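S.K.: Below you'll find the structure I mean.
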Amino acid sequence: MVMRKAALAEKTLARQVLDDVMQGIDLIAENEDLLTFGPLFGEEAYQAIMRRLEIAGLVYVDDYFGLDFLVPHWAGIGVQWR
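The following block contains the structure:
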């Protein structure tokens, strides 16, 4: 799951609140613009996190999105802020 850091500021969502919402899901990458969390296992877990993010005020696609597919060890996927 990839999230815009700017969304946190726009929604005045404290980082601690996000940490609470994402409890049990690792922050696997962070740069100045984006946070990446994962892995999420199964549709049920993914839907539960989406509900918690929505309750916190974040909007799917506008503020975050998820990637749900297998990537072989010899490939890499990247996301770039625009």
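Using my numbering, the letters of the sequence shown map in sequence onto residues 1 to 82. Yeah, the Cβ is synthetic: ideal placement off N, Cα and C, and Gly gets one too. Just so it is clear, the structure is predicted and the values come from calculations on it, not from any experiment.
Run through the region 34-68 for me and flag every whole alpha helix (DSSP H) of 4 or more residues, listed as ranges in chain order.
M.R.: 43-55
S.K.: In angstroms with no decimal places, state the Cα-to-Cα distance between residue 30 and residue 44.
M.R.: Rounded to whole angstroms, residue 30 to residue 44 spans 25 Å at the Cα level.
S.K.: For residue 4 and residue 42, what's the separation of their Cα atoms in angstroms?
M.R.: 23 Å
S.K.: So for residue 10, helix, strand or coil by DSSP?
M.R.: Here residue 10 sits in helix by DSSP.
S.K.: Identify every residue that forms a DSSP beta bridge with residue 4.
M.R.: Bridge partners of residue 4: 34.
S.K.: If I measure Cβ to Cβ from residue 33 and keep anything under 8 Å in the same chain, skipping five residues before and after, which residues do I get?
M.R.: So the qualifying residues of the chain are 4, 5, 6 and 81.
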